[in-house]
Every structure is written in structure tokens, then in C-alpha cells.
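Here the structure comes first, spelled out in C-alpha cells, and everything after it is commentary.
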Amino acid sequence: MKSNLDRAIELLGGAQRLLAFTGAGISTESGIPDFRGPNGVWTKVDPSEFTFDKYVSRPETRKRSWEMRKQSGIFDAQPNAAHRALVDLWVAGLLSGVVTQNIDGLHQAAGLPSEAVVELHGNVQRVECLECEAGWPTEVVIARVNAGDADPHCPECGGIIKVSVISFGQAMPVLEMQRASELATACDAMLAVGSTLSVYPAAYVPLEAKQTGARYVIVNQGATEQDHLADVVVEGSAGEVLTAMVRELL
Ligand code: NAD
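Structure (C-alpha cells):
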């Protein structure tokens, strides 16, 4: 009997415009914890403490956010085999792009050109002032935190500064959502990797692809909210499964 991995390879084998949709699970093998997996960040802290409104109104929330950023390991992380497998598909001309919920920049670090990556939830490597929109590399601001400024403000206007990621309660980036939707409706196969597919509106992207006729494959450890909609679900490590898939597809 064929395994789900074999069936997934068969389904993706005929695709000309494969679109990947990635979540935090693709980066756990790089040492960055996910949110909702068994060791996820939300098993340790309450997400309702980190809404956009609380960040803006409470110095304590901002201080905790900077501390958590420092300890997250996200700034030292390196791409893993799953990120590299997607690059191999791109180089072979089989991948139309990657729509990611991740904020770690590891798809680009692995070698995907920035125009191939749509970041729906922003990128943690940049910090912006919420008042005057001045911006800095995050390492510059982390250095200020390390030097004792636990709640750093904008040196230009004194405004509140925040990493350029979308927090709960913050609006989605319009251009990125449009681009993701265009890619989803144009693809002939959707490969969702390392996501519970439970965060909306991002999780509409694979649904849009499926509704416009794309084949739909999910690779994840554990159940997702869209397993019942996929043509094949492959349970397993993103690094191992994507490496095996790409070996067969190229
Ligand atoms: P999630 O935490 O809801 O789900 C991650 C899923 O991946 C879980 O089902 C988990 O079991 C699975 N998983 C973990 N390691 C895996 C592996 N090696 N191989 C295959 N599957 C694995 O994450 P989500 O669906 O992306 O949604 C949560 C939000 O998390 C997103 O908005 C994203 O911005 C944010 N986030 C991003 C990062 C990052 O940039 N690396 C890290 C944490 C959270």
C-alpha cells in the first residue's frame, strides 16, 4: 500500500506552479519554538497578554516583549533542511513562491529571493516607530535593551517602537495579503508546512488555493484545522518530509 508521502509526491509531481504556505513548525528544527505545538510558547505564556493594545498602553508588556525577543533564539537561528528543500524547488522552477506566517526571515536566509517570499506577519529583524515610522535593524534596539533601556522609545520623536511584526489585534498588511491571494489563485498545488492552520486571515490562503482547484498537501507534526480539506496529509518532521519529497520531485 502507498504511504501518504508517496501519494503526496505523486500529487505534487504533476504541478507546474507549486505554492508553499509555511508556519512556525518549519522553523522548530532551526531552534525557534512554535506557538501551539507541544513545546510551544503559548504553553508557557498567555497570548492575551501580548495584544497590540496592551503593547501600546502598558510599559510592562513592552518590557516583557523585549525580554522574550532576546531569549527566543530567533536572531541566531539558521535555516534548516526544510527551508533548503523549498529553495531547491525554486531553483528548479517548480515553486511559484512561499507565503509565510513566520517572522524569522529564514526562507530568505536559505537563499530564496525576497520577491519569492510573502511575509504575512512581518519580519522580526526590523523595528519601527509607531508614531513617525522611523526604522532600525532590531539588533540596534536589542543593544539598547542590553545596555539597560528596558522600554526603549524612538530617538527621533519619543514614540513607542515595536518590531515590524503583526500582533494580535493589529491590521494585516494589505499589499502582502493581495499578493498572497494572487499566488493562491494562480497555483496548481498548495503545500502547507508546519502550521496548525488556525490563524486567520492567514489560513484563508491555502483555502483559496483549494477552492480555485489546486491540489492540497499538508505536512505537519500533529493535527491541523484543515486536515479534512487536504488531498493528502503527511505526518512528520518538515525537514525529513520535504527533503524526501524534493529528492523525488527533482
Ligand atoms: P503554530 O504554533 O500554531 O503551529 C505549528 C505546528 O507545527 C504545530 O502543529 C506543530 O506541532 C507543528 N510542528 C512543530 N515542529 C514541526 C516540525 N519540525 N515539522 C513539522 N511540523 C512541526 O504555528 P502557525 O500555524 O505558524 O501559527 C502561529 C503564528 O506563529 C504565526 O502567526 C507566526 O507568525 C507565529 N510564529 C512564528 C515563528 C517563526 O517565525 N519561526 C515562531 C513562533 C510563532
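The opening residue of the sequence shown carries number 61 in our numbering; numbering runs sequentially from there. The beta-carbon is built from N, C-alpha and C at its ideal position, and this holds for glycine as well.
- Message: Q185 and F112 - do their beta-carbons sit closer together than 8 Å?
- Response: In the sequence shown, the residue the question calls residue 112 occupies position 52. In the sequence shown, the residue the question calls residue 185 occupies position 125. For the pair F112 and Q185, the CB atoms are not nearer than the 8 Å cut-off.
- If you run the structure through DSSP and keep just helix, strand and coil, what is P93? Stepping through the sequence shown from its first residue, residue 93 is reached at position 33. If DSSP states are grouped into helix, strand and coil, P93 belongs with coil.
- Task: Taking 8 Å as the cut-off, decide whether the C-beta atoms of V158 and A176 are in contact.
- Result: Against the sequence shown, residue 158 aligns to sequence position 98. Against the sequence shown, residue 176 aligns to sequence position 116. Their beta carbons are under 8 Å apart, which means V158 touches A176 by this criterion.
- Task: Put E179 into one of helix, strand or coil per three-state DSSP.
- Result: Taking the first residue of the sequence shown as position 1, residue 179 is located at position 119. It is a strand residue.
- I think V101 touches Q161, with their Cβ atoms under 8 Å apart; what is that distance to the nearest whole Å? On the sequence shown, position 41 is the one that residue 101 refers to. On the sequence shown, position 101 is the one that residue 161 refers to. Actually they do not touch by this definition, with Cβ atoms about 14 Å apart.
- Query: Which residues in the same chain have their Cβ closer than 6 Å to the Cβ of I86, if we skip the five residues on either side of it in sequence?
  - Reply: Residue 86 sits at position 26 when you count from the first residue of the sequence shown. Answer for I86: A142, V253, G254, A298, listed in chain order.
- Item | Residues sharing a beta bridge with E188, DSSP | For the purposes of this step, residue 188 is identified with residue 128 of the sequence shown, where counting begins at 1. Beta-bridge pairing links E188 to G195, K222.
- Looking at N64 and the ligand NAD, is the gap between the Cβ and the nearest heavy atom below 7 Å? Along the sequence shown, one-based indexing puts residue 64 at 4. Not so, every heavy atom of the ligand NAD lies at least 7 Å from the Cβ.
- Task: With a threshold of 16 other CB atoms inside 10 Å of the CB of H167, please say whether the residue is buried or exposed.
- Result: Locating residue 167 in the sequence shown gives position 107, counting from the first residue. H167 should be labelled buried.
- So V279 and V301 are in contact, right, with Cβ under 8 Å, and what is the actual spacing, rounded? Looking up residue 279 in the sequence shown gives position 219. Looking up residue 301 in the sequence shown gives position 241. The Cβ separation is near 5 Å, so the contact holds.
- Examine the ligand NAD and report whether any of its heavy atoms sits within less than 7 Å of the Cβ of V187. Along the sequence shown, one-based indexing puts residue 187 at 127. It does not: the Cβ of V187 is nowhere closer than 7 Å to a heavy atom of the ligand NAD.
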